[in-house]
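K.L.:
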Amino acid sequence: MSKHRLIGPSAWIVGVAGLVIGVGAAWLWNMGNPGNMGLCIACFNRDISGSFFGAGANMFGVAYIRPEILGLFGGAIGASLLTREFRPRGGSSVILRFVLGFIFMASSLIFLGCTVRAWLRLGGGDLNALWGILGIVVGVSFGAVMLKKGYNLGRARQLGAVAGWTGPVIAMVLLVLALVWVSTGSAPAGLTVTPERAKSVNGAIVQDEQGVVLRPEGATLVDGTVVAADGEVIADADAVQGAGRMPGGLRAPFIISILAGLALGVVAQRSRFCSVGGIRDVILVRRFDLLFAVIGLLVGATVANMVFGQYNLGFVGQPIAHTNALGNFSAMAVAGLAAIMLGGCPFRQVIMSGEGDADATMAVVGMLAGAGFAHWGSVSSTGAGLSQNAWPALGVMAVILVAILFIKRERVA
Amino acid sequence: MVEVDARGLSCPLPLMRAKKALDSAPDSVKVLVDSGTAKANVTNMLSDEGYSVTVSDGPDGFTIEATRS
Chain L
23 MSKHRLIGPS AWIVGVAGLV IGVGAAWLWN MGNPGNMGLC IACFNRDISG
73 SFFGAGANMF GVAYIRPEIL GLFGGAIGAS LLTREFRPRG GSSVILRFVL
123 GFIFMASSLI FLGCTVRAWL RLGGGDLNAL WGILGIVVGV SFGAVMLKKG
173 YNLGRARQLG AVAGWTGPVI AMVLLVLALV WVSTGSAPAG LTVTPERAKS
223 VNGAIVQDEQ GVVLRPEGAT LVDGTVVAAD GEVIADADAV QGAGRMPGGL
273 RAPFIISILA GLALGVVAQR SRFCSVGGIR DVILVRRFDL LFAVIGLLVG
323 ATVANMVFGQ YNLGFVGQPI AHTNALGNFS AMAVAGLAAI MLGGCPFRQV
373 IMSGEGDADA TMAVVGMLAG AGFAHWGSVS STGAGLSQNA WPALGVMAVI
423 LVAILFIKRE RVA
Chain A
10 MVEVDARGLS CPLPLMRAKK ALDSAPDSVK VLVDSGTAKA NVTNMLSDEG
60 YSVTVSDGPD GFTIEATRS
C-alpha cells in the first residue's frame, strides 16, 4: 500500500515563502510604500505604466518605476540561471495571454489591488478585502471547473535566447531609466514620476510637509492654505490636511525597494509562490500545499502590521480602498478567473517572465497596457468608489473571458 | 511504465495529467516537463503519493522518473 501524504514538505516551503513576502510587504509599507501596498504586483506594474502614460492617461498620481518589480525580475533571473531553470520558451496563445493580462489588470484596478494585495489588505485589517477574496474563490473555482472540462491555451515550445530574454531586457531598460531618475533627481525625458509624498487638492499639487506648492506656478502655502499668485485661495488648510497623498509619491527608499524585490524574487522563484494556485489545486488535484502560500502571506502581513502599529481593523478609512462590496467581489472574481486562465497569478507571471517565459512576458505587457487603459477610460476605482465605466467594463471583460474559455477548449478523453 | 508528456503546458495541466496517470496505480511513471515550476509541482506530488522520484536535466526539459517505494 502506498503512503499518501496530504501535506508534504513543499507546503512548508511555500508557506514560509508566503510568510516572508507578507512580512516584507508590511515592512515596505513601514518604510514608505503606500498603505497595505508594500508589495502589489498590479499596482506596481500600474505605476510603471503610469510613468510612461503620465497625466494624459490620468496617471500623474500613480507614476513611478517601482524598483520592487525590477528586483523581482532580477531575483527570478538570477535564481533560475543558477539552478538551470532559465529556459526560453513561448508560443502558447500569445495574443490571448496579452488579453488575459490586460483584463487581469483592469479588473484589479476596480478592486484596487491584485490577488496578492487582497491578502495584504486583509492582513492590514481592511475587511473590504474579504469581498475581494470571496470573489477570488468564486473566479478561481469557475476557472478550475473549466480546466477540468478541457480549457488549455496550448503548448509552449522552446525558443531561441532572444525571445526568452525579452522580459529580462525590458526590466533592464526600466532599471536604467530608474537609475537615471535616482542619479539626476529628475525623470528622464518623456517619463513622469509622481512628486514624493505629494497631495493633489483642487488641481494644485502640494508637498505640504516641505511647505512647497508644485502647481500651479507661483502659488504658495500660507498657514496650510494654498494661495495662487494672484492671491486667490485654491484650497483651504482643512482641504489640504484632509487630502490623501498620491500613491505614486509614496515610496520606500530606492535601494531598500530594489533589494527587497531581489530577495523576494529569489524566494518566489525557488518556492513557486502563487496567490491563486492554492485554491485551484485543492479543487482540481486535492492538493493543499500551495494554499499555504496565501495562509503564510496573511499571517505574515497581519503579525508584522501589528508589530509596526499599522494594523487597523474595519471597513471605513482604509488606505487606497473603497467600500463597494459588490464591486470588490465582482472585480476580483474576474481577476481570479483571468489569473487561472493564464496559469498563475501576476506575481508568478513576473517571475516566469524572468525565467525566460515569453508568454508570461506577454501577460505582463498586457497588464501594463491594461493599467493605462483603466486609468484613461475611467475604469479604475478611487478611494471614493467605483468609476463610471467600471460596471460596463467588468461586464465586457467577463464576456471575453467566457468566450476564450469556450474557444480554447479541447476534447477531454 | 506510464509516460506523460507535459512539456509546454501551463499550470496546472502538468500536475493534472501526472495525477491522472496515477489512476491506474502504476508501479512506475515517467513525466516530461520543461519548466522549473512544473518540475517542482509534479515531483512534490509524486513523492507525496508515495513514489521515490529522480529528476534528470536534458536539452528538451526535465525527465521525472518515479517508482513506487
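Chains as they are written, first to last, in our numbering: chain L, 23 to 435; chain A, 10 to 78. Virtual Cβ for every residue (Gly too), placed ideally from N, Cα, C. Computed from a predicted model, the values in this text were never measured in an experiment.
1. State buried or exposed for P56(L), treating a residue as buried only when at least 16 other CB atoms are found within 10 Å of its CB.
2. Just how far apart, CA to CA, sit V116(L) and D381(L)?
3. Take the Cβ of S403(L) as the centre, count every other Cβ of all protein chains shown within 10 Å, and call the residue buried at 16 or more, exposed below.
4. Can you find at least 3 beta carbon pairs, one from the region 142-154 of chain L and one from the region 35-50 of chain L, that sit closer than 8 angstroms?
5. With distances taken Cα to Cα, identify the nearest neighbour of S33(A) among T72(A), A47(A), S78(A), M10(A).
6. Is the Cβ of P21(A) closer than 7 angstroms to any Cβ of chain L?
7. Which of the three DSSP states is assigned to R27(L) in this structure?
8. Please name the residues in the region 379-391 of chain L whose beta-carbon is closer than 9 angstroms to at least one beta-carbon of chain A, in chain order.
9. What number of angstroms, rounded off, separates the C-alpha of S19(A) from the C-alpha of D43(A)?
10. CB-CB under 8 angstroms to L281(L), same chain, minus the five flanking residues each way: which ones, in chain order?
11. Please list, in chain order, the residues of the region 40-58 of chain A that have any C-beta partner in chain L closer than 9 angstroms.
12. From P190(L) to E254(L), what does the alpha carbon distance come to, in whole angstroms?
13. Taking 6 angstroms as the limit between beta carbons, can you name the residues of its chain near F133(L), skipping five residues before and five after?
14. Given 8 angstroms as the limit, is there contact between the region 290-310 of chain L and the region 378-393 of chain L, that is, 3 or more CB pairs closer than that?
15. List the whole-angstrom C-beta distance separating F369(L) from C296(L), where the pair is believed to meet the contact cut-off of C-beta under 8 angstroms.
16. May I have the straight-line CA-CA distance separating G150(L) from M59(L), to the nearest angstrom?
17. Going by alpha carbons, who is nearest to G270(L) out of G72(L), V38(L), I29(L), V418(L)?
18. Is the separation between the beta-carbon of L427(L) and that of M168(L) shorter than 7 angstroms?
19. Residues bridged to R16(A) by DSSP?
20. Taking Cβ to Cβ, would you say L284(L) is nearer than 7 angstroms to G96(L)?
21. From what residue to what residue does the alpha helix (DSSP H) around T206(L) run?
22. Return the residues of the region 355-378 of chain L that lie within a Cβ-Cβ distance of less than 8 angstroms from chain A, sorted by chain order.
23. Please report whether the beta-carbon of M25(A) lies at a distance below 7 angstroms from any beta-carbon of chain L.
24. Could you check whether the Cβ of K28(A) sits closer than 7 angstroms to any Cβ belonging to chain L?
25. Please return the same chain residues whose Cβ sits closer than 6 angstroms to the Cβ of W187(L), not counting the five positions on each side in sequence.
26. From the beta carbon of S32(L), is the nearest beta carbon of chain A less than 7 angstroms away?
27. Would D66(A) be called buried (16 or more neighbouring beta carbons within 10 Å of its own) or exposed?
28. Any residues in the region 287-312 of chain L with a beta carbon nearer than 7 angstroms to a beta carbon of chain A? Which ones, in chain order?
29. I'd like to know if E218(L) contacts chain A, where contact means its C-beta is closer than 7 angstroms to some C-beta of that chain.
30. Name, please, each residue of chain L whose Cβ falls closer than 9 angstroms to the Cβ of G17(A).
31. Could you run through the region 86-112 of chain L and flag, in chain order, every residue whose CB is less than 8 angstroms away from some CB of chain A?
32. Under 7 angstroms between C-beta atoms, does R119(L) make it to chain B?
33. At least one CB of chain A closer than 7 angstroms to the CB of R237(L): is that the case?
34. To which residues of the same chain is L213(L) closer than 7 angstroms at the C-beta, ignoring the five residues directly before and after it?
35. Can you confirm whether the region 77-92 of chain L touches the region 193-210 of chain L when touching is taken to mean that 3 or more C-beta pairs between the two stretches lie within less than 8 angstroms?
P.N.:
On the basis of the coordinates in this document:
1. Burial call: buried.
2. Using only the alpha carbons, I get a separation of about 6 angstroms.
3. Counting Cβ neighbours within 10 Å, S403(L) comes out buried, since at least 16 surround it.
4. Judged by Cβ distances under 8 angstroms, the region 142-154 of chain L makes contact with the region 35-50 of chain L, as three or more pairs qualify.
5. If you compare the alpha carbons of T72(A), A47(A), S78(A), M10(A) with that of S33(A), the shortest gap goes to M10(A).
6. Yes, because at least one Cβ of chain L sits closer than 7 angstroms to the Cβ of P21(A).
7. Collapsing the DSSP output to three states places R27(L) in coil.
8. The residues in question are D379, D381.
9. Note on geometry: alpha-carbon atoms of S19(A) and D43(A) lie some 10 angstroms from one another.
10. Sequence-distant Cβ neighbours of L281(L) in its own chain, meaning closer than 8 angstroms and more than five residues away, are G93.
11. Flagged, chain order: D43, S44, G45, T46, K48, A49, N50, T52, N53, M54, S56, D57, E58.
12. Near 50 angstroms, if we compare the C-alpha coordinates of E254(L) and P190(L).
13. Counting only Cβ-Cβ distances below 6 angstroms, and skipping sequence neighbours, we find G154, N350, A353, M354.
14. In short, these stretches do not touch, since the Cβ pair count stays below three.
15. Rounded to the nearest angstrom, the Cβ distance from F369(L) to C296(L) is 7 angstroms, consistent with a contact under 8 angstroms.
16. Looking at the sequence itself, residue 150(L) is Asn, so the reference to Gly does not match. Here the alpha carbon of N150(L) sits roughly 15 angstroms from the alpha carbon of M59(L).
17. It is G72(L).
18. Yes; because the gap between Cβ atoms is below 7 angstroms, this pair is in contact.
19. According to the DSSP secondary-structure assignment, R16(A) is paired through a beta bridge with no residue.
20. A contact, by the Cβ cut-off of 7 angstroms.
21. Counting along the chain, the unbroken alpha helix (DSSP H) around T206(L) starts and ends at 188-206.
22. Going along the region 355-378 of chain L in chain order, one finds L364, G365, G366, R370, M374, E377 with a Cβ nearer than 8 angstroms to chain A.
23. The beta-carbon of M25(A) is placed less than 7 angstroms from the nearest beta-carbon of chain L.
24. Between K28(A) and chain L, the shortest Cβ-Cβ separation is below 7 angstroms.
25. Answer for W187(L): no residue qualifies.
26. For S32(L), the answer is yes, since a Cβ of chain A falls inside 7 angstroms of its Cβ.
27. With fewer than 16 other Cβ atoms within 10 Å, it is exposed.
28. If you check each beta-carbon in the region 287-312 of chain L against every beta-carbon of chain A, the ones closer than 7 angstroms belong to R294, G299, R302, D303, L306, V307, R309, D311.
29. It does not; no Cβ of chain A falls within 7 angstroms.
30. Taking a Cβ-Cβ threshold of 9 angstroms, the residues of chain L close to G17(A) are R111, G113, S114, G176, R177, A178, R179, Q180, in chain order.
31. From the region 86-112 of chain L, only S102, T105, R106, E107, R109, R111 have a Cβ closer than 8 angstroms to chain A.
32. Note that chain B does not occur in the displayed structure, where the protein chains are L and A.
33. Not closer than 7 angstroms to any Cβ of chain A, the Cβ of R237(L) fails to qualify, so no.
34. These residues qualify, in order along the chain: S73, F74, L199.
35. Counting Cβ pairs under 8 angstroms, three or more are found: they touch.
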